[in-house]
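Have a look at the structure below, then the notes.
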C-alpha cells in the first residue's frame, strides 16, 4: 500500500506491504542501521525511534513492532540524525559519552533516542522514561546520570521541524474526503520521490489493506471485511508478525480515526475512545484515579504505552492485560459498533472465555466508559520484574465506605483466571458490611470461591491466591493510613 | 621486531614511574561517539554487493535424527536460493579457547532448537518465510531432559579433591553447616544477537562476526570448514556484548561461510533473539551441597563443596562451580566433587564468571549461616578464616586484599548499625535487612600479542586482534600506550578485532586487559629502549611526556626521532612461572540492603556497595562500570533470571527478553563501587588483575543474606521467587 511520511527531515513516499516493520525498512532499505534489532518484539528498546504525530509531540516508539502504514502522515527521527545541524552531538549523546553510559554500544542508540524524546518533552522522570530500554553492561546508573546531566540543555531545531511537518500533513489530511492518504506516493519515481504531489487523484483501494480516515469509514470497511485484522498500536498484533510469522491480510490501520481517540470527561461519566493510547489514558487518570495511573505507569514501557491503545488492550481479550481489571472495578461499559449498529455491555461480560470475546464478525470496540465518582480505586500489580513485565496478579479494588459501612465493592483481577474477571463472592461478602478487619478477612477467604488460578512460569497457583488475598488486606491497611506503595522503598 | 616477555618473575612498576599521567584516569572510551550516533557497525550491519540472506532452521524435537527435509518445496518459494544441511554445520558452539571445531553434523539432533539447516534467499523475509515452511521429519529418540533424573552422570577427576577427612571433621566439630543450594540456568543475553556475514574471494574467507576471541575463533572456523587458518580472516571490531556467549564460534558463522561458498555470493546469517536463547551456550543449573565444620574459636576445620551440573553427552565443558572454594577459606579437611548430568538441553558453557558466579552464591550463603551458628559477625568470621597459604597447594598468595575490602565496604555501608538478629526492622509493609558476601574470582592471563608503531608524525598506532565487547579495550590499550610513550591519548590510535593483526588473548575470563595490555606494554617498553638509544641514553633515564623524550640534558620530540621511518615493535606477552608460584585472584566484598514485602513477597534491593581490589586499575571509569554491571547481574541471579526448560522435550520455554528477566533500571538500586589501591606484581608486568567478572562473583549471596536478616528466612534457591517468601512469612 502507498504511504507518505517524513524521515529525518526529508519526505518519503513508499509502496509497501502493509505489515513491513519500520525497523526492517530502516535497516534494509535505508541502511540506517543505528536503529538496532535486539528482540524484535518490543521488549528491549534497542530499536527506539522518535515519531511525531499530528499533535506535534515527539514520542519514543519501538520500530520493531511499528508497521510502516502506521507512520503515514507522521515524522520519524532516527539516532543518526538527532544531532544538531552543525554536527555537534545532541546533549544526551554528549552526556552518554562523558558518563560512560555506553559500553558494548548495542543498546545505546535506543537509549539515546528515548532520552532525546524525553528531553524534547522536558521530562525528568528518567527511570520511567527509560524503563523500556534494556542494558546488559552498565547497570543503568551511568545512563541515568547522563540523562540528568542533559536536563535543560537546548532542544535541537529538528524537534520543531518534525512537529511542523506532521501538523502540516494532518491539516491536508483532514481536507481530503476520501479514505486514503492525501500524500499519494508517485510509484513510478520509486521510493524516493518528493511528497505532496498526489492530492489530485484518489488512489485505488488496496485489496488487502485500508487506512480508514474515521470511525464511519472503518465501520463500513470492516463490515465488508469481517475477517480482517484491525491494527491500532500493534504492540500485540506486531508480534503476530515478527514472532509468530503470521500472514495478517486483510488489515486496517486505525490511527487516522482520531474520532476514536477522544477522551471525554464529563461530570457524570468518563468515556475513553478505543484508539486512546495508554499514555493518554495515564494523563487522564492521574487526577481522577491516581492508583490506576500508577498501574499504567508500570504497563509495558514508554515506547509501548505510546503505541498501545485502550481498545486493543480490551479487544485482544488477554487474561493478563492490565487495564481491564481496573476498568471492570470502575464499573465500565464497553461500546461496540458494527456498521451502523451500536451496542453496549458491561465490560466483564465481553470476556467470555480464554481467547473468546462477545464480539461479532465486523464488530469493533468504539469506546469504554465508566461513571465519574470520587476516587475509591486501588490497583495493585504484581510481577517478577518491577518494570516491563507481565503481571502475575493484577488486582483492582473499588471499595466505597460510608459511615464505616461498605456501600459499594467492585473487585476484579487479571492473571487469576482465563479472562479478566470480577470477584463476585468477595464483593458480596464486603457489600453492606461494616468495613472492619473481620469483614475483610471473611472476604479474603471467599477469593478461593471466585478463582482457581493456575501454576505457570510467572507464579504458582497458591501464591497467586495468597497474594490476591493479601492485596485486599493491603487495601484495608491503606485506608487505615498505612504506607503501602511499592515505590516507597528508598532508604 | 618482536619483543618477547614471559612472566617468570615480578617486574618493576614502570607505570608508576612514567610521566604522562593517563593510566588509571577515568578516560572516556574513544569509540563512544561512534556508539552514541549509531555509527559503530556491528556484524549484521555489513552489507556486501550481491549479499544473500540465510536463516537457520531449528529442530523441533529434543533428540533424534533428521530423516527427511522437503528441500524441493522450499526451493520453489519466491527468492529462495538454497537449502543447506552440510555435514560441517555445527551442532553446538565451540567453547572459549577451543581452537578446534565443536561437534558437527546437523542431521543428528541433540537438543530442541538445534540448527538443522540453513535456508538462503534474496531477502531476510523470504528466507525467514522459507525456513519456517521447511518441512523436516525426524526419527525421534528418547532423550534425557531432567538433570536430576539423568541416566548418565559423569564425575570428572579434574573436579575431585579429597583432603583429610571431611566426615570425621564434621562429626567432631563445634558447629557444622550442611546445606543444599540451587541456582537456575542463566543466559548471557548479550544485547547484540549472534550474526555473521561471510564472503569468499577465491579460497579466502572473510567473516564479519561477533566474537570474543578471534585467534581461537579463526582456528575453530578453519577447522570446521576444513580449510587452512591462513585462508580465514575474521573481523569483529565492535561486539555488542558477549559475556561468554561469543567465546567460541557458533552455528551462524559456519553456516554463513558454507552457504557463501556454495552460492558464490556473500551470505548473512543473523540469529533471532529466540535462536540466541535456544542455540548459543547458557549457564547450567547447579545443585550444590556445602558442608562446613568449625571449632569453638570459629576456625573452619572442613569445607565440602559438591555440585551437580549438566551438559550435553560428550561435551567437555562443565561449570567449575567450586573454583574459588579451593583457595578462599581455610580448613584442613576438604572435599570437592562434581557430577555432570548428561541431558538433551542446549549446550552449557562459560557465562560471565563461570564457576564463581554460582559457586560463590552457595559458599557465601553457607558462610553466613556458619557465622550465625557460631554467634560471630560474618565479617569477623570470614577474616578469621583467611588462610596464610593456599590450603590445598601450599602456595603463598599474591596481592590479596580480601580483609581490606570487607573492612572498607563495612565502613562505607554502615555495617556496624546492622542488627544481627533477623526480622527486627519493619517499615510499613517492608521488612528491611542487610547482608554481605565476599567477592573472589581467579585471575587468569593468556598469551597475547600486539604491534605498536610510533609513526613519523610522532603519533602511535596500536594493533592487535583483541576485541572490545563493551569492556573498554579501546580505551585502556590507548592509555597504556599513551602512558608508556608519553603521548596524549588523542595521539594514539587503537585498531582491534581483525585476525590480520597480531593475535591477542581475546576477551574472556577477565584476562583481556592484563594480557593484551601487557603485550602493548612489552611493545612500548621495546620502543622506549629504541628511543633511549636514539637519544644516546639508557632507558631507565628516559622520560617521555607530551610527545617529548628527555634524558639527562638531552631532549627531542618523538616525531623527530621517528622522522627517518616509523618505529614499530610487536610485543608478545606469555604467562610464566609466577602463575604457579602464587595463588592469584581478585577480591572484594559486597554489601546489600533489601526490602522484602510482607504482603506480596516481592524483594527489592534498596542499595548495594562493592569494594574491590584487582591490582592496578587501568581506567577507573571502565573498571567501575564492569563492577557495577556485574553487581546488577548479581541482582538478576538473586531475584529474576531463570531459563525454564520444558521437561518433556527440553525446549526453552522463555526464549525471549519478555520471559527471561534481565534486570531493568527500576530493579537497579544505587550502587557504590570502590577500588582499593593495589599492585599485583605476580600477575603481569602492568600489575593489574581481572575485573570484568569480579562484580558478579558472590553478589547474589549478599542479597540472600540480606533477605535472611530482613525476614529470618534462609533461602537457598536462586532466583528467589516471591512465593518462597510469602509461603513462610
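Protein chains in written order, with the numbering used here: chain A, 4 to 494; chain B, 285 to 1013. Glycine included, C-beta positions come from ideal geometry on N, C-alpha and C. Owing to the predicted nature of the structure, the values given are computational and were not obtained by experimental measurement.
Among the options, nearest to residue i - alpha-carbon criterion
i	options	result
residue 947 (chain B)	A:344, A:132, A:390	A:390
residue 411 (chain A)	A:101, A:334, A:122	A:334
residue 448 (chain A)	A:112, A:362, A:420, A:475	A:475
residue 298 (chain B)	B:769, B:990, B:995	B:769
residue 987 (chain B)	B:911, B:900, B:557, B:893	B:893
residue 8 (chain A)	A:318, A:55, A:30	A:55
residue 574 (chain B)	B:863, B:370, B:622	B:622
residue 683 (chain B)	B:862, B:1005, B:331	B:862
residue 723 (chain B)	B:501, B:322, B:531, B:982	B:982
residue 1031 (chain B)	B:720, B:869, B:746	This structure does not reach residue 1031 (chain B), given that chain B is present from 285 up to 1013, and the question cannot be answered.
DSSP-derived helix/strand/coil call for residue i
i	result
residue 689 (chain B)	helix
residue 624 (chain B)	strand
residue 189 (chain A)	For residue 189 (chain A), the predicted structure reports a pLDDT of 30, less than 50, and the residue's modelled location is therefore unreliable. The matter cannot be settled from this model.
residue 438 (chain B)	strand
residue 299 (chain A)	helix
residue 231 (chain B)	Here chain B has residues from 285 to 1013 only, and residue 231 (chain B) is not among them.
residue 414 (chain A)	strand
residue 667 (chain B)	helix
residue 40 (chain A)	coil
residue 946 (chain B)	coil
residue 491 (chain A)	Any reading at residue 491 (chain A) is ruled out, since the residue's pLDDT is 49, under 50, leaving its predicted position unreliable.
residue 520 (chain B)	coil
residue 892 (chain B)	strand
residue 172 (chain A)	helix
residue 317 (chain B)	helix
residue 296 (chain B)	coil
Chain-ordered chain A contacts of residue i [CB-CB under 9 Å]
i	result
residue 522 (chain B)	107, 108, 109
residue 754 (chain B)	105, 106, 107, 108, 109, 139, 140, 141
residue 1006 (chain B)	385, 387, 395, 462, 466, 470
residue 937 (chain B)	460
residue 725 (chain B)	None at all; the shortest Cβ gap to chain A is about 17 Å.
Per-residue contacts from residue i into chain A (C-beta, under 8 Å)
i	result
residue 909 (chain B)	103, 106, 140, 141, 142, 145
residue 905 (chain B)	103
Cross-chain neighbours of residue i in chain B, by beta carbon under 8 Å
i	result
residue 43 (chain A)	556, 557
residue 83 (chain A)	321, 322, 323
residue 134 (chain A)	948, 949, 950
residue 31 (chain A)	407, 408
Under 7 Å by beta carbon: chain B residues contacting residue i
i	result
residue 391 (chain A)	948
residue 46 (chain A)	940, 941, 942
residue 96 (chain A)	320, 321
residue 130 (chain A)	949, 950
Cβ-heavy atom distance, residue i to the ligand HEM, below 7 Å
i	result
residue 299 (chain B)	This structure does not include the ligand HEM; it has no bound ligands of any sort.
7 Å Cβ cut-off: residues of chain A touching residue i
i	result
residue 331 (chain B)	34
residue 1010 (chain B)	466, 469, 470
Under 9 Å from the C-beta of residue i: neighbouring residues of chain B
i	result
residue 388 (chain A)	923, 924, 945, 946, 947, 948, 950, 951
Members of the stretch 351 to 366 of chain A near chain B, C-beta cut-off 7 Å: none
Compile a chain-ordered list of the residues in the stretch 303 to 325 of chain B whose CB is closer than 9 Å to at least one CB of chain A. 310, 312, 313, 315, 316, 317, 318, 319, 320, 321, 322, 323, 324, 325
In chain order, each beta strand (DSSP E) run of at least 3 residues that lies wholly inside the stretch 361 to 432 of chain A: 366 to 374, 380 to 385, 396 to 405, 408 to 417
To be precise: take each residue of the stretch 461 to 474 of chain B, compare its Cβ to all Cβ atoms of chain A, and keep it if any distance is under 9 Å. Which residues remain? 472, 473, 474
As an exercise, report each continuous beta strand (DSSP E) stretch of at least 3 residues that is fully enclosed by the stretch 459 to 539 of chain B, in chain order. 459 to 467, 479 to 485, 488 to 493, 516 to 519
Uninterrupted alpha helix (DSSP H) stretches inside the stretch 441 to 491 of chain A (no shorter than 4 residues): 464 to 482
Output, in sequence order along the chain, the residues in the stretch 870 to 884 of chain B whose CB is closer than 8 Å to any CB in chain A. 877, 879, 881, 883, 884
Which residue spans inside the stretch 756 to 794 of chain B form an unbroken beta strand (DSSP E) run of at least 3? 776 to 779
In chain order, each alpha helix (DSSP H) run of at least 4 residues that lies wholly inside the stretch 827 to 874 of chain B: 842 to 845, 862 to 865
When Cβ atoms are compared, which residues of the stretch 802 to 818 of chain B fall closer than 8 Å to chain A? none
As an exercise, report each continuous beta strand (DSSP E) stretch of at least 3 residues that is fully enclosed by the stretch 560 to 647 of chain B, in chain order. 570 to 578, 584 to 595, 617 to 626
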